[in-house]
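> Each protein sequence line maps, in turn, to chains A and B. No gaps in the numbering here: position 35 of the first sequence is 35 in our numbering, and each next residue is one more. No gaps in the numbering here: position 508 of the second sequence is 1508 in our numbering, and each next residue is one more. Idealized CB from N, CA, C, for every residue including glycine. Remember, it's a predicted structure, so these values are computed and weren't measured experimentally. Before we start, here is the structure in question, set down as structure tokens.
There are 2 protein chains.
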Amino acid sequence: MDYFFHPKSIAVIGATPTRFKNGYSILRNLMSGYEGKVYPVNPRYEEALGFPCYPNVKAIPGKVDLAIIIVPAAMVPEAVEDCAAKGVPGVMIESGGFAEIGPNGKILQDRLVEIAVETGIRIWGPNCMGLVDAKHGHVFSFMHSKKFRAQLTAGKVSLVVQSGMLSAAFLVDLMSNGLMGISKACSVGNKVDVNECDLLEYLLADPDTDVVGLYLESFVNGRRFMDLCKKSPKPVVVLKGGKSKKGAEAAMSHTASLAGNQRIISGALAQAGVIEAKDFRQMADLCRTLALVPPRPAGQTGRIAVLTFSGGSGILAADFIDEMGLSIADLSEEIYDKLRRLFPEWRPVSNPVDLYPVIEDGTDVFSEAVKAALADPGVDAVFFHSNTGEAEHVSKMAALSKAAGKPVFIWTLGTKENTYDMQITARSCDLPVYQEIYRACECMAAVFKQKKPVDKATAIEGKGKAVSLTGELSHLIATETGPLDEYVSKNILKACSVPTVEEAVASSAAQAKEYAAKMGMPVVMKGLQPGGVHKTELGLVQLDIKTGQAAGRTFRDLKKKMQGNGQVLIQKQAAGKVELIVGLIRDPQFGPCVMFGVGGVMAEILNDVVFAVAPLKHHDALNLIGRLRSRKLLDGFRGAPPVNREEMARILMAVGNLGVACPRIAEIDINPLMITDRGAVAVDATIVLK
Amino acid sequence: MDYFFHPKSIAVIGATPTRFKNGYSILRNLMSGYEGKVYPVNPRYEEALGFPCYPNVKAIPGKVDLAIIIVPAAMVPEAVEDCAAKGVPGVMIESGGFAEIGPNGKILQDRLVEIAVETGIRIWGPNCMGLVDAKHGHVFSFMHSKKFRAQLTAGKVSLVVQSGMLSAAFLVDLMSNGLMGISKACSVGNKVDVNECDLLEYLLADPDTDVVGLYLESFVNGRRFMDLCKKSPKPVVVLKGGKSKKGAEAAMSHTASLAGNQRIISGALAQAGVIEAKDFRQMADLCRTLALVPPRPAGQTGRIAVLTFSGGSGILAADFIDEMGLSIADLSEEIYDKLRRLFPEWRPVSNPVDLYPVIEDGTDVFSEAVKAALADPGVDAVFFHSNTGEAEHVSKMAALSKAAGKPVFIWTLGTKENTYDMQITARSCDLPVYQEIYRACECMAAVFKQKKPVDKATAIEGKGKAVSLTGELSHLIATETGPLDEYVSKNILKACSVPTVEEAVASSAAQAKEYAAKMGMPVVMKGLQPGGVHKTELGLVQLDIKTGQAAGRTFRDLKKKMQGNGQVLIQKQAAGKVELIVGLIRDPQFGPCVMFGVGGVMAEILNDVVFAVAPLKHHDALNLIGRLRSRKLLDGFRGAPPVNREEMARILMAVGNLGVACPRIAEIDINPLMITDRGAVAVDATIVLK
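Written out as structure tokens, the structure is:
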């Protein structure tokens, strides 16, 4: 991939000396900052902006590391073929007019995929804005960079943006407001070949990049994306567009993306330790913060000392800190003593600490108070409110923060000029400054709540654990199609160590009676028909059978209803107050995913299901359980026994393993998984084969 | 109150010629902008800043409309007494050192309250920053105004801020960034006399104010506040600090506030048509928007056409519009035709409309596209994304918006300079501009979702509907204390038309049998003991009694358990899938409040209760029901009959009326209110008397 980022020579196919055309802008951008060779390609000109112009890429005498293509869509495939013939390793197609515009464009785009496969040439784009590298001053793009070029500041955050114009305007905005420095900004477009995974892999290995932020409308390969994030210690922030129905529709037509199931995406990102962002600037703020504040040592849970010039802002900060799951630090008596010495006698001191009365005195109580708070072992970070927006505050705080080895976050109100100076100073001395209290707290939470997965090295891609099934069950999975009946489905699950309800197929009324007596009343009896999944609707489920006689009668009834064509299942009626759902689905972006959620009567109202990508490690399974909104239900709901989380984790892992081991399994649905006095029990289940 | 806002003469008690002192700053601030008479008061000086200085307020020869007091706390009471003696109608105490600093300050503050009551003088503060009036150029405050004075821009938003320093810094920030114009900014401090209600009343009647935004840490009189908001057509935005436990503690020490029950406050604000804000700048953005965009005609639900330069920002906008309960407009075929004519042929057109390819052409497609979208009757507003941040966009859009009579909201990315110019232009041509998409959508939602109560004229304060109870029940309420037993409680509710379960007190086993037979099995039997509320824990509730014999036996059991000291209640066992809670509590800030929520097994997990301030009007009750998060439960949950919302509204109103009519009722708790096939039934209930 290095030829995209550090090419020694670039051909610009579609270069032109005509101003305001994109082929002109690319050339202009290369003329300042890029120091390699530049070859304009355009059969209509002999020369462009002082460079000799070539009729096609093959006519270029020297080696070409990268070709930037900006000719009309219809001419692109031929240009790429020429590049491949010339031995150019990579092309960046900035022209639009492909899959994003409908069927005709899709045909052209498919051709590009073919060329990439046939020739091995790597294709970046099409329909993209290319690349900006602030450290090296490279602008491989047609964006009009004049405006922000002077302000282009190198930093440690790299961005990948699946939206062309946005990446350009976003950069201008960030640079102009001094919000943060940038390492590389990549606009990926339609991702026919080079995709977010390729770029993420490159950037995570890039010494100039400390944090990667991505705006994505789709994941080309969710599992690879997760593995990259898991393996790297660098923070990754993702903003996923197209969460709503209308948003997803818009995403479809925009970069021809598959928007995906939002719950699965959020689950997968959490599992991979990725921070999810909500809006563009917020994503920038999160990235900026994570680039400035190194990961916190274990045990630092986010106990914040708030030092403020205003009781009001302290109160709001306390509200938000609580909302984000951080905590207001309990300051030690020692620190209170120190602070009290700084305060007029009449002032009570508590966290949030209102410094206002002392500010009035003109003394520099700021530094003293922040120093005292940072020295408290019960304080993980200081949240300092600056009332003047003076840049001096930032440099003072930066020195104190460095000396203490703990972060200081600043919120400020102030004049436009002061605020800008403050941002610039903050950028240069590694201290994060925010203009909204809520945003500051969101970013503090990202620092302290960020959880990189424990097993960085274990890939999600690749094989899961083998599943040992009997020959009969294996054969069945290999040959059947569609939904398997409840009895067979549970037999498969049982073989995978999922606890299932005690049950048997009765072949006669007498046997039904016998089983019922053996299992103990009450029992449930069900009629199983081949391919029949709507048992309840067909009256084939009979609950609460309390006598042997009733069991015999029910046997005959069910047989009659099924007209001889089916089996009668008899099972012990499980009792429990908590019903859960466990399942497996295959997601086009993330592959087999385990679902966990609330079942039974509450399912409809709570609508609480969470996902993780299979196979699950032990901690993945525990985290999945912990992500359930209604997890209170698991901790001894209304006198019910608490759910054994270890047992539940084993069940979730088993279901995931089964899905990974048997690609013919399209879907698993255990509903309900009843929590009884003796543990979890799969009461009903369906496995659907492809 | 006019003497606070438009005094003809002001005494500054504690004025001083010493720079950097607050008594100096107040004087300086009065010297520019304020055109009335100024009288410095300080026995240590003959003269201050060119004004003759008086030893005390009584020595001032002329009439004094307002005294601003800035002497040390201990000297304040005497100064106020002097003012009262002089006949000064109002004082603004900007000194701190009162209830916010602890018991000693509280004693001083209580003295101020006494003086106000004794003399009738109105007191603003203490512990406040006073008043800024941008239209008249008045700064009645010690805040250093030099920095923002030149930028102080008159607008239609007035602010009330219960936090001193914050109000000052906030103003500097807003003015300097060109975010909005201000009418009046009031810092209220400890509110010993003049409180948020007095100021709100004044501002809602003020012709220079169109929108009022308040940052509050407490409500002095919640019911009066609500009535003021309900009566006025002007939008009111409230940011309530101290929602979390730590935040509330901080609020307590800050302005000695009672932070209050957040759910009750949110319920009360919703009921009064108040918009709740989350953070300071967000509050400013909401106020600014509501001042720029007049209330929308009925039927405009917020169908938004998104016109963007970037597919990505269009996708995010669609996501947020969905999240906020607005909708992406279905554009008419006619409009699509118009838009298609503006687009290159290859471009599919759908909302959000990605204008990017046409922008590239250099044509001014913006205006044409926005015009076309505004003309669509299915569009209530246009959300326009500007890629350049050029002020010209704003003035063009403003003209189109005015011509169409529909709002245009702008989101922009751009350089710092462009963005500032854009804000200034936006302010002058009444068009809202935002720098974050999410914020823009929040503000659009405030415009379209804002619901002023239907019955502006009906006050919450004052009497509720009379309740007709028998002499016996009235006597009981008037004389008993503590919790009434279930039977008596339900009798009272029944008298107020709340449907209660069929029940009777049995005086013998035989009578128990007889009642059981009459009611129909199964029945429930309960032992009622005087003052006993823990029936279940004491084994005094027996469910599912199915025979007369069992009823007789249970009667004897219960009597035995109660050792003869109590009654046996027998009631028909109500069956239903949905259990609700209805109650009444008295809140110190809002008085009697009706609670409505989910009961039964789901209560613990859903924790879903909502409040409204009693008495409830019919629409208040319906809105209360509609605010339940789990309202899905009411609409035919799992085949259960849907809850009759009219009946439920009557029950909620009845409970509210009862609470208002009988001040001795401290609490009402109907739990559960069971939804049966024949409607709602109060199965258990307790009324607690003071």
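1. Give the straight-line distance between the Cα atoms of Arg631(A) and Ser1167(B), rounded to the nearest whole angstrom.
2. When the Cα atoms are used, what is the spatial distance from Leu1269(B) to Asp1587(B)?
3. What first and last residue would you give for the beta strand (DSSP E) that runs through Ala944(B)?
4. For Leu1400(B) versus Ser1367(B), is the C-beta spacing smaller than 9 Å?
5. At a cut of 8 Å, does the stretch 1042-1054 of chain B reach the stretch 1081-1097 of chain B through at least three beta carbon pairs?
6. What's the call for Phe142(A), buried or exposed, on a 16-neighbour Cβ count within 10 Å?
7. Output needed for Tyr420(A): all residues of its chain with C-beta closer than 8 Å, excluding positions within five of it in sequence on either side, in chain order.
8. How would you write the range of the alpha helix (DSSP H) that Ala1403(B) sits in, first residue to last?
9. Listed in chain order, which residues of the stretch 1380-1393 of chain B have Cβ atoms closer than 7 Å to some Cβ of chain A?
10. So is Leu658(A) in contact with chain B if we call contact Cβ pairs under 9 Å?
11. Applying a beta-carbon distance threshold of less than 9 Å, which residues of chain B neighbour Met602(A)?
12. Does Asn607(A) come out as helix, strand or coil in the three-state DSSP assignment?
13. Quick one: grab the DSSP three-state call for Lys416(A).
14. Would you mind sorting Gly311(A) into buried or exposed? The rule is 16 or more other CB atoms within 10 Å of its CB.
15. Would you mind stating whether Met1397(B) and Val1379(B) have Cβ atoms separated by less than 9 Å?
16. Which of the three DSSP states is assigned to Phe5(A) in this structure?
17. From this set, Leu493(A), Glu276(A), Gly539(A), Glu503(A), which residue's C-alpha is nearest Asn657(A)'s C-alpha?
18. Let me make sure I understand the geometry here. Which of Asp1337(B), Leu1374(B), Ile1182(B), Val1683(B) has the alpha-carbon closest to that of Val1498(B)?
19. Which residues does DSSP pair with Gly583(A) in a beta bridge?
20. Run through chain B and tell me which residues come within less than 7 Å of Asn177(A), C-beta to C-beta.
21. Leaving out five residues before and five after Gly314(A) in sequence, what residues of the same chain have Cβ atoms less than 8 Å from its Cβ?
22. Could you name the residues that DSSP lists as bridge partners for Ala154(A)?
23. Verify the CB distance criterion: does Ser428(A) have a CB-CB separation below 9 Å to chain B?
24. Do Tyr1487(B) and Asp1285(B) have their beta-carbon atoms positioned less than 9 Å apart in this structure?
25. Name the one or two DSSP bridge partners that Pro1052(B) has.
26. Under 7 Å Cβ-Cβ, which residues of chain B neighbour Pro352(A)?
27. What does the alpha-carbon distance come out to for the pair Ala550(A) and Lys1451(B)?
28. Mind checking if Asp1337(B) is an interface residue toward chain A, Cβ cutoff 9 Å exclusive?
29. Please decide whether Phe555(A) counts as near chain B, where near means a Cβ-Cβ distance under 9 Å.
30. Are the C-beta atoms of Ser313(A) and some chain B residue less than 9 Å apart?
31. Please list, in chain order, all residues of the same chain as Met1653(B) whose beta carbon is under 6 Å from its beta carbon, the five residues on each side excluded.
32. Where does His385(A) sit, in a helix, a strand or coil, going by DSSP?
33. Mapping the DSSP letters down to three states, classify Ser1257(B) as helix, strand or coil.
34. What is the residue span of the alpha helix (DSSP H) that Tyr487(A) lies within?
35. Going by other Cβ atoms of all chains shown within 10 Å of its Cβ, with 16 needed for buried, is Asp969(B) buried or exposed?
36. Report the three-state DSSP secondary structure of Thr308(A) (helix, strand or coil).
If we stick to the structure as given:
1. 42 Å
2. 14 Å
3. The structure shown does not extend to residue 944(B), since chain B spans only 1001 to 1690, so no value can be given for it.
4. yes
5. no
6. buried
7. Asn177, Gly178
8. 1391-1404
9. Asn1387
10. no
11. Val1601, Met1602, Ile1605, Leu1606
12. coil
13. helix
14. buried
15. no
16. helix
17. Leu493(A)
18. Val1683(B)
19. Met595(A), Asp669(A)
20. Lys1416
21. Val306, Thr308, Pro352, Val353, Asp354, His385
22. Ile182(A)
23. no
24. no
25. Glu1047(B)
26. Ala1250
27. 60 Å
28. no
29. no
30. yes
31. Leu1616, Ala1621
32. strand
33. With a pLDDT of 49 at Ser1257(B), under the threshold of 50, the predicted position of this residue should be treated as unreliable, though the coordinate-derived value follows. The answer is coil: DSSP assigns Ser1257(B) none of H, G, I, E or B.
34. 486-495
35. The structure shown has nothing for residue 969(B), since chain B only spans 1001 to 1690.
36. strand
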